[in-house]
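There are 2 protein chains.
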Amino acid sequence: MKVLIVEDDPLHRSYLHEAVRAALPECDTVLEAENGHTGEVQARQSRAEHVVMDLQMSERNGIEAARTIWRERPDTKILFWSNYSDEAYVRGVARIVPEGATYGYVLKSTSDERLKLALRGVFIESQCVIDREVRGIQQKSLGTAHGLSDAEYEILVDVALGLTDKAIAQRKKLSLRSVQNRLQQLYEKLDVYEDPGNGPEGWYNLRMRAVAVALLRKVLNASALERGERELRSARGN
Amino acid sequence: MKVLIVEDDPLHRSYLHEAVRAALPECDTVLEAENGHTGEVQARQSRAEHVVMDLQMSERNGIEAARTIWRERPDTKILFWSNYSDEAYVRGVARIVPEGATYGYVLKSTSDERLKLALRGVFIESQCVIDREVRGIQQKSLGTAHGLSDAEYEILVDVALGLTDKAIAQRKKLSLRSVQNRLQQLYEKLDVYEDPGNGPEGWYNLRMRAVAVALLRKVLNASALERGERELRSARGN
DNA sequence: GCAAAATTTGCGGGTTCCCGCAAGACAAGA
DNA sequence: TCTTGTCTTGCGGGAACCCGCAAATTTTGC
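Residue numbers (the working numbering), protein chains in the order written: chain A, 26 to 263; chain B, 26 to 263.
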């Protein structure tokens with residue numbers, strides 16, 4: 026059994042190495058990669074079916090890398106291992122998990138014990154192991170309470186990239202007014218309308234404010250923006 | 026001699042602990058804090074004059090903590106130790122350094138040797154030690170080439186928070202038109218005007234696009250936004 | 001102290017955004 | 001089939017944004 030570790034921080038990498046050795050005596054080789062790009066290459070060459078993946082690496086982040094790995098071999102088991110449980114990351118991972126794939130998502134702050142359980146759960150028992158905190162975010166993100174639907178999320182990204190309503194309409198094959206409707210839903214859900222009595226009226230530019238709120242709440246983050254920007258550019262150049 | 030380490034990641038914390046022990050034999054006590062808030066408290070209680078500070082911690086980030094520490098004792102020597110050299114962080118640190126204070130800024134990816142040199146340089150020799158990469162960002166940020174002036178940066182933050190032109194005018198005590206002028210400078214510097222021939226005209230909402238570009242280039246980041254939001258709220262509630 | 005340079009301000013207009021209103025489109029269910 | 005609910009689209013208008021132009025003001029350099 027082979028395990029590939031993709032993690033850019035050397036300290037965390039060697040910690041993971043130890044953890045894998047300790048948790049999985051049946052594992053005979055542990056490979057390491059220091060960013061998403063070399064991670065993809067290593068996974069392809071070594072045919073490793075078990076991967077521990079950091080999100081948020083320079084060069085190429087974990088979500089991108091995981092996507093291409095899963096595209097090539099959808100039965101690869103991936104344990105995501107991240108500092109943050111930003112809604113944007115959780116949503117990003119959920120978007121790329123193939124049908125029936127087994128994966129896990131644990132925070133770097135979890136105990137050694139929990140990490141060990143996650144490693145065995147995902148790699149040996151083929152369970153999906155998701156940390157409580159992360160699970161909480163996932164629920165919130167799906168629960169219609171103040172969670173955004175996929176449609177709303179996509180339009181949020183487009184707006185955040187700086188596209189006009191017209192451009193979004195064209196991209197999404199919708200009428201101008203429909204785009205604006207979705208925007209209004211977004212404004213509602215993100216609770217952007219001003220508290221009456223808190224400063225004069227017209228204090229906020231709703232469009233911008235919605236994005237600001239999304240960023241502050243981590244519904245959106247820089248890495249999601251980068252992803253959006255790349256997609257936009259590639260859509261242009263075809 | 027006392028050294029206080031403020032760092033939320035336990036692995037990095039113990040690594041730093043070792044590094045301090047090795048680099049500074051004259052240091053008799055090493056204290057640790059796991060976020061900005063407890064860091065401030067520890068600094069106050071222990072009267073430590075030497076601090077190694079992570080930026081980007083939950084609870085209270087390094088810039089905030091450093092500011093209050095320096096406010097109480099401006100001669101404290103602080104070595105910032107961060108994963109990133111985002112322009113927003115570099116600018117954030119530069120904003121709070123008191124006149125004549127000695128500090129350093131090194132990346133977590135530097136070698137043990139360079140870290141050691143930085144520790145001795147800042148704490149013993151009272152030099153300012155700044156990593157090459159960080160220095161590069163600093164230059165770029167100050168060089169008028171495509172760097173933003175303080176005025177432009179501030180307006181960028183206001184826009185990014187979602188304020189209307191009118192609101193910004195009021196806040197900054199300027200006329201509406203002046204705010205719009207500053208915005209135009211911003212659009213120019215961030216190079217937001219579309220490549221003619223790249224899609225139809227009117228593809229971008231300049232206001233939003235400027236913020237998106239700033240985020241993508243790390244001129245602005247989530248932590249700068251949070252800082253702005255706090256300031257905004259406190260300005261409201263007085 | 002004065003002239004040049006940079007900033008600030010007002011005006012006017014074209015464009016985009018924000019949104020209420022109401023008429024179609026489509027699916028699920030009685 | 002008819003109702004009910006959700007989603008989409010068009011129309012219209014008020015507000016905000018973007019910006020060229022030119023006068024007023026402040027800052028800078030000598």
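Each residue gets a CB set at the ideal place from its N, CA and C atoms; glycine is no exception.
- Shown in chain order are the members of the region 179 to 192 of chain A whose Cβ falls below 7 Å from a Cβ of chain B: 184, 185, 186, 187, 188, 189, 191 and 192.
- As a beta-bridge residue in DSSP terms, residue 130 (chain A) pairs with A:105 and A:155.
- Taking a Cβ-Cβ cut-off of 7 Å, the neighbours of residue 37 (chain A) in chain B comprise 36, given in sequence order.
- An exposed status is given to residue 160 (chain A), since fewer than 16 other beta-carbon atoms sit within 10 Å of its beta-carbon.
- In terms of CA proximity to residue 114 (chain A), A:163 leads the group A:124, A:145, A:163 and A:67.
- Not a single CB atom of chain B sits nearer than 8 Å to the CB of residue 218 (chain A).
- Non-local beta-carbon contacts of residue 191 (chain B) in its own chain, meaning distances under 7 Å to residues more than five positions away in sequence, involve 201 in chain order.
- DSSP, reduced to helix, strand and coil, places residue 27 (chain B) within a strand of the structure shown.
- In the DSSP assignment, residue 78 (chain A) is bridged to A:31 and A:105.
- If you draw a straight line from the Cα of residue 156 (chain A) to the Cα of residue 204 (chain B), it comes to about 47 Å.
- Residue 57 (chain A) sits close to residue 30 (chain A), with the two beta carbons spaced by under 8 Å.
- Taking all protein chains shown into account, residue 209 (chain A) has fewer than 16 neighbouring C-beta atoms within 10 Å of its C-beta and is therefore exposed.
- With three or more CB-CB distances shorter than 8 Å, the region 174 to 182 of chain B counts as touching the region 239 to 256 of chain B.
- Here DSSP, grouped into helix, strand and coil, assigns residue 93 (chain A) to helix.
- Using a CB distance cut-off of 8 Å, residue 82 (chain B) does not count as an interface residue toward chain A.
- The region 77 to 86 of chain A and the region 98 to 118 of chain A touch, with no fewer than 3 CB-CB distances between them shorter than 8 Å.
- Between residue 105 (chain B) and residue 129 (chain B) the beta-carbon gap is near 7 Å, inside 8 Å, which marks them as a contact.
- Here residue 246 (chain A) has 111 and 113 as same chain residues with Cβ atoms under 6 Å from its own Cβ, once five neighbours each way along the sequence are excluded.
- As computed with DSSP, residue 73 (chain B) is found in no beta bridge at all.
- Shown here, residue 189 (chain A) sits in coil according to DSSP, grouped into three states, outside any helix or strand.
- Counting the other Cβ atoms within 10 Å of the Cβ of residue 34 (chain A) gives 16 or more, which makes it buried.
- With its beta carbon less than 8 Å from one in chain A, residue 236 (chain B) belongs to the interface.
- For a cut-off of 8 Å, the C-beta gap from residue 236 (chain A) to residue 233 (chain B) is around 7 Å, short enough to register as a contact.
- Put simply, of B:196, B:213, B:216 and B:214 the residue whose alpha carbon is nearest the alpha carbon of residue 258 (chain B) is B:196.
- With a cut-off of 8 Å on Cβ pairs, the region 129 to 146 of chain B is in contact with the region 35 to 51 of chain B, counting three or more such pairs.
- Beta-bridge analysis with DSSP links residue 229 (chain A) to B:188.
- Around the beta-carbon of residue 92 (chain A), 16 or more other beta-carbon atoms lie within 10 Å, marking it buried.
- Apart from the 5 residues on each side of it in sequence, residue 127 (chain B) sits with its Cβ closer than 8 Å to the Cβ of 102, 147, 151, 152 and 153 in its chain, given in chain order.
- For residue 43 (chain B), the number of other beta carbons within 10 angstroms of its own is below 16, and it is reported as exposed.
- For residue 213 (chain B), the uninterrupted alpha helix (DSSP H) run begins and ends at 201 to 214, by DSSP.
- Here residue 109 (chain B) is not near residue 36 (chain A), since their CB atoms are 8 Å or more apart.
- Of all alpha-carbon atoms in A:51, A:172 and A:69, the one lying nearest the alpha-carbon of residue 211 (chain A) is that of A:172.
- When rounded, the separation of the alpha-carbon atoms in residue 68 (chain A) and residue 74 (chain A) is 8 Å.
- Residues are counted here when their Cβ sits less than 7 Å from a Cβ of chain B; for the region 92 to 109 of chain A the count is zero.
- The contact set of residue 212 (chain A) on chain B, defined by CB atoms closer than 8 Å, is empty, because the minimum CB distance reaches about 11 Å.
- Secondary structure note for residue 144 (chain A): its alpha helix (DSSP H) is the uninterrupted segment 137 to 148.
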